[in-house]
Ligand SMILES: Cc1cc2nc3c(=O)[nH]c(=O)nc-3n(C[C@H](O)[C@H](O)[C@H](O)COP(=O)(O)OP(=O)(O)OC[C@H]3O[C@@H](n4cnc5c(N)ncnc54)[C@H](O)[C@@H]3O)c2cc1C
C-alpha cells in the first residue's frame, strides 16, 4: 500500500493532534497532505494528565525540547505512581510503581531475587519502595534529571494540563502546514470500500484517502459508520464513571514528582501535581456509589467539602476496545478505538503506539488486506495486556470495607491473568520465565509485575524466618544505595525552573 496522499484527521483532542503531528513528521515530505477537522460544538474530554515514559519519546521524535512545551503545559516530571490504601492486611499500606531504567539494573535484580525468596515463604522485606531509584526521587521531591547531565537519561513520564497539550500541538501543527478546519461532521459519505468524504454543518464536504477517527467516545467513523464491533472489558474492570476536580496549589508547596492513586470506598482517586494546580479525580463504579455520594467522598478526601465555587466534572467511561483499529480506510486512535481506565495513565501511549505502528506497517509495504490483520492483532494484544495488568490491581486488593472491593476480588479475571497469578503463587515456578512464555511483557516488563504483586503483598505462604543458607540481597544496603544515588538528581522545583 502506498502512503496515502489526502489524510483527514477527525477530532481535535490529544489523539487527533498527536496523530496529525506524527503523520506529518513521517509523511509530509513524502507528499501527504494532512487536514484536521474539529467541532466547536462537541468539546474534548479534557482529562488525562499523566503519562508513561513513551511521551518523552514522542517529543524527542518530533524534536520538541522540554523547555518548549513543558512551561506552556504547566508540566512537571513524573517518576512513577504511588498506590496507597489498596490493601488492609499490610503494615505499610502503600507501594510505589517506579519508571525504571538501566540505572536500576543491579538493585532491580536484587528486588526480583528477594521477591522470589519471599514467594517461597521466607521472611524478607519486598516493598518496591526500598529498591528503585525513582521511588527515592519521588519520596524526596527530586526530579529524574541529573545535576551533572550524562548522555543516557533515566526514563520518566510527565504530568501536564491536557487542554494545554492539545493547544500546544495544535499551534505547532498549524505552523507546520497542517490544514485546520473547524466544523461538525453531520454526514459521513461511505460505501463498501470505506469513507470517501465528510460533510460538515456548514455544508462543505472534505474528501480523503485515509481517515483518522479521533472523535473520542463517539467513535463516529469506526464504530458508528463502519460498524466495527466493540469488545467490552466491563466483566473485568468494574469502573464506569469518573469525576474531575482541580484544586489550587500553594506557591510554597513542593511539587511532587509522582501521581498518587489512592483507593477510596468504590474506586480510586488520582492526584496529579502540575505547576499551577493539582488535577484530582475519582474513578468509580456507579453500581456501588451514586455520582452525588462519589463527589461528596472526593471533596471530603480533598478537604474541599465547603468549596462550592470549585466545580466538579462528571464523566461516563466505556471500557473496552474495538475489534479492529484499522478497517477499510479508517484508523481509530484514542478514545474512539478504546479505553482502559486511567489507573496506569496509558491512553496517550496507546495513541502513540497505534500511529507509529501504523506508519511502520504502511512503510513496509504490501497489500492492505495482508497488512491489516496482523496490525489489528498487535494493537489488540497491547490493549489486552494493559487490561490484564490493571485488572490485577483490583483482583489483588484486600480491602474489607465495602462490597465494591469484594466484588473486585471476585470479578472475572482474564485468562492470561489467571495463569500469571497461579504461577506467582506457586513457589516452584520460575515466574519470570512464565511471563515470557505467556508473552505477558508486551506492555509491562517483569519488574512491573513484581512491583505490583509484591507491593500488594500477594504472598500465599506465611513468612517463616529466613535460614542462613538462603542467599538474599541486604535490603538496608540497597535502600541506602538508592538514597545515595538520588542525591545526584536535581530538586524537582529546580529542574522545573530551568527546563
Ligand atoms: C477520567 C479519565 C482520566 C484519564 N486520565 C488519563 C491519563 O492520566 N493519562 C492518559 O494518557 N490518558 C488519560 N485519559 C485518556 C485521555 O483523556 C484520552 O485518551 C485523550 O484525551 C484523548 O482523547 P481523544 O482525543 O480520543 O478524545 P476527545 O478529547 O474526546 O476528543 C474528541 C474530538 O473529536 C471531535 N469530534 C467528535 N465528534 C465530532 C464530529 N461529529 N465532528 C467534528 N468533530 C467531532 C471533538 O470536537 C473533539 O475535538 C483519561 C480519560 C478519562 C476519561
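Numbering (the numbering used here), first residue to last: 241 to 739.
Note that the Cβ used here is the ideal one computed from N, Cα and C, for glycine as well.
If I measure Cβ to Cβ from residue i and keep anything under 6 Å in the same chain, skipping five residues before and after, which residues do I get?
i           : result
residue 275 : 248 and 419
residue 686 : 672 and 675
residue 701 : 361
residue 494 : 381
residue 577 : 562 and 565
residue 445 : 437 and 439
residue 516 : 314
Per the DSSP calculation, residue i is bridged to which residue(s)?
i           : result
residue 247 : 274 and 450
residue 322 : 336 and 500
residue 471 : 561
residue 704 : 362
residue 438 : 428 and 446
residue 570 : 451 and 567
residue 420 : 276
residue 733 : Per DSSP, none; premise fails for residue 733.
residue 513 : 518
residue 598 : In the DSSP output, where bridge partners are listed per residue, residue 598 has none listed.
residue 317 : 398
residue 554 : 483
Out of the options, state which residue places its alpha-carbon closest to the alpha-carbon of residue i.
i           : options               : result
residue 428 : 593, 412, 452 and 410 : 452
residue 391 : 368, 372 and 342      : 342
residue 717 : 370, 282 and 479      : 370
residue 557 : 524, 529, 542 and 570 : 524
residue 553 : 337, 520 and 415      : 520
residue 704 : 320, 358 and 246      : 358
residue 684 : 730, 711, 270 and 622 : 622
residue 257 : 483, 415, 614 and 540 : 415
residue 592 : 246, 250, 254 and 245 : 254
residue 295 : 285, 510, 425 and 397 : 397
residue 252 : 299, 599, 278 and 702 : 278
residue 355 : 619, 313, 734 and 689 : 689
residue 199 : 664, 611, 609 and 291 : No information on residue 199 is available, as it lies outside the stretch 241 to 739 that the chain covers here.
residue 732 : 241, 496 and 393      : 496
residue 682 : 506, 618, 479 and 644 : 618
residue 303 : 265, 325, 283 and 333 : 265
residue 297 : 324, 547, 366 and 589 : 589
residue 250 : 455, 447, 333 and 334 : 455
residue 422 : 283, 300, 734 and 324 : 283
residue 366 : 730, 729, 726 and 691 : 691
residue 431 : 417, 669 and 467      : 467
residue 387 : 651, 609, 652 and 729 : 729
residue 737 : 316, 241, 714 and 300 : 316
residue 305 : 412, 325, 551 and 536 : 412
residue 555 : 535, 609, 518 and 549 : 535
I think residue i touches residue j, with their Cβ atoms under 8 Å apart; what is that distance to the nearest whole Å?
i           : j           : result
residue 796 : residue 514 : Outside the shown range of the chain (241 to 739) lies residue 796, about which nothing can therefore be said.
residue 544 : residue 487 : 6 Å
residue 368 : residue 336 : 6 Å
residue 477 : residue 660 : Contact doesn't hold; Cβ gap of about 16 Å is too wide.
residue 384 : residue 374 : 6 Å
residue 352 : residue 501 : At roughly 23 Å, the Cβ-Cβ gap does not stay under 8 Å, so residue 352 and residue 501 are not in contact.
residue 376 : residue 498 : Not really, about 11 Å apart at Cβ, beyond 8 Å.
residue 595 : residue 259 : 5 Å
residue 281 : residue 424 : 5 Å
residue 289 : residue 485 : Not a contact, Cβ separation roughly 13 Å.
residue 443 : residue 570 : That belief does not hold up - the Cβ atoms of residue 443 and residue 570 are roughly 23 Å apart, past 8 Å.
residue 472 : residue 642 : Contact flag wrong, Cβ pair sits at about 24 Å.
residue 364 : residue 706 : 6 Å
residue 449 : residue 651 : No, residue 449 and residue 651 are not in contact; Cβ-Cβ is about 43 Å, not under 8 Å.
Which residues in the same chain as residue i place their Cβ atom closer than 7 Å to its Cβ, once the five residues preceding and following it in sequence are excluded?
i           : result
residue 572 : 453, 459, 462, 562 and 565
residue 616 : 564, 565 and 566
residue 470 : 463, 560 and 562
residue 740 : Nothing about residue 740 can be reported from this structure: the residues present for the chain run from 241 to 739 only.
residue 457 : 558 and 575
residue 426 : 439, 440 and 441
residue 286 : 402 and 403
residue 509 : 502, 520, 521, 522, 538 and 541
residue 293 : 339, 395, 396 and 397
residue 526 : 480 and 481
Near residue i, which residues of its chain fall below 8 Å by C-beta distance, leaving aside the five closest residues on each side in sequence?
i           : result
residue 243 : 267, 270, 271, 272, 602 and 603
residue 598 : 566, 571 and 615
Taking CB distances under 7 Å as the criterion, tell me whether residue i reaches chain C.
i           : result
residue 316 : Absent from the structure: chain C. Only one protein chain is present.
Exercise. Do the region 694-701 and the region 631-642 touch if we need at least three Cβ pairs shorter than 8 Å?
Worked result: Because the criterion of three Cβ pairs below 8 Å is met, the region 694-701 and the region 631-642 touch.
For this session: Please confirm if the region 518-536 is in contact with the region 329-344, defined as three or more CB-CB distances below 8 Å between the two stretches.
Result: In short, these stretches do not touch, since the Cβ pair count stays below three.
Exercise. How about the region 343-351 and the region 706-722: do they share at least three Cβ pairs that are nearer than 8 Å?
Worked result: Counting Cβ pairs under 8 Å, three or more are found: they touch.
For this session: Decide if the region 399-410 is in contact with the region 306-313; the criterion is three or more beta carbon pairs, one per stretch, under 8 Å apart.
Result: Counting Cβ pairs under 8 Å, three or more are found: they touch.
Exercise. Do three or more CB pairs link the region 611-626 to the region 574-590 at distances below 8 Å?
Worked result: Contact holds: three or more Cβ-Cβ distances are below 8 Å.
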